[in-house]
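For the sequence shown, our numbering begins at -10 and goes up steadily by one. We put the beta carbon where it would ideally sit given N, CA and C, even for glycine. Keep in mind that this is a model prediction, so the values were computed, not measured.
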Amino acid sequence: AHMRIIPVSAFAALAFAALGFGSAPAFGQTVMLNFSFPELKQQLIDLKSTIKKESETEEKIRFIEAESPDGLIYTIYGLECDSKEPTQRCRGAEMIASFDLERDGDINEALDLIDYAAVADYKGTDNRLKLSRYVIFDDGITPANFRVNITVFTNIANDVWDMLEEEGFFDK
-10 AHMRIIPVSA FAALAFAALG FGSAPAFGQT VMLNFSFPEL KQQLIDLKST IKKESETEEK
50 IRFIEAESPD GLIYTIYGLE CDSKEPTQRC RGAEMIASFD LERDGDINEA LDLIDYAAVA
110 DYKGTDNRLK LSRYVIFDDG ITPANFRVNI TVFTNIANDV WDMLEEEGFF DK
């Protein structure tokens, strides 16, 4: 008898498809292929964040600075946008929270304590500890999933804020 051997990667892809992963969202869900800043503002308002500022960098990258109900101030930048105009639509969103530590020399020690796969942590060019999360809209994302991504980011940033405070890096 001849046996057909399916490579593991092909088998995994078939199983993945059979279980419905990687397919289109469930019937009735809206998919965002990109976002506008009014849509981003509404997402933040739905999450009970307060819009603090909407502006653009010197490089004309638009952003919204918001404050979560817990007091965390964070910024979301629109990236991979179709224009530099206020009406632009963006295919990427970078969320960033920055922390000022008591002493600049503490940043590397603090970074060693942070261990989250869902965010990047690094020393910014402004000598502040940074957390970031990037969301790509390629092939679409549901509004609910975008809100979940923002929530994951703000929850992790709040956990890091609490940990840094507990470790004596600054007073919250």
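Using the Cβ count rule (16 or more neighbours within 10 Å means buried), how would you classify residue i?
| i | result |
| --- | --- |
| Ser44 | exposed |
| Ala133 | exposed |
| Thr143 | buried |
| Ser57 | buried |
| Val20 | exposed |
| Asp110 | buried |
| Gln32 | buried |
| Ser38 | buried |
| Ile125 | exposed |
| Ile34 | exposed |
Sort the options by Cα distance to residue i and report the nearest one.
| i | options | result |
| --- | --- | --- |
| Ala106 | Arg92, Tyr123, Thr46 | Tyr123 |
| Arg92 | Asn116, Asn23, Asp59 | Asn116 |
| Leu102 | Thr76, Val149, Ser121, Cys70 | Val149 |
| Thr140 | Gly157, Glu156, Leu153, Ser121 | Ser121 |
| Lys41 | Arg78, Phe52, Asp104 | Phe52 |
| Ile50 | Pro58, Asp35, Cys70, Ser38 | Cys70 |
| Leu153 | Glu74, Lys73, Glu28, Asn97 | Asn97 |
My assumption, with CB atoms under 8 Å, is that residue i sits in contact with residue j. Please give the rounded CB distance.
| i | j | result |
| --- | --- | --- |
| Lys119 | Ile145 | Actually they do not touch by this definition, with Cβ atoms about 13 Å apart. |
| Ala82 | Ile65 | 5 Å |
| Asp127 | Arg80 | 7 Å |
| Gly129 | Leu36 | The Cβ separation is near 20 Å, so there is no contact. |
| Phe26 | Gly60 | Wrong, their Cβ atoms sit about 23 Å apart, outside the cutoff. |
| Phe24 | Ala99 | Their Cβ separation, rounded to whole angstroms, is 32 Å, which puts Phe24 and Ala99 out of contact at 8 Å. |
Once DSSP output is grouped into helix, strand and coil, what is the label at residue i?
| i | result |
| --- | --- |
| Ile34 | helix |
| Lys60 | Per the sequence shown, residue 60 should be read as Gly rather than Lys. DSSP places Gly60 in coil when its eight states are reduced to three. |
| Gly94 | helix |
| Glu54 | strand |
| Phe158 | coil |
| Glu28 | helix |
**OP:** Would you mind listing the beta strand (DSSP E) stretches within the segment 67 to 143 that are 3+ residues and don't spill past its ends, in chain order?
**Re:** 79 to 88, 109 to 112, 118 to 125
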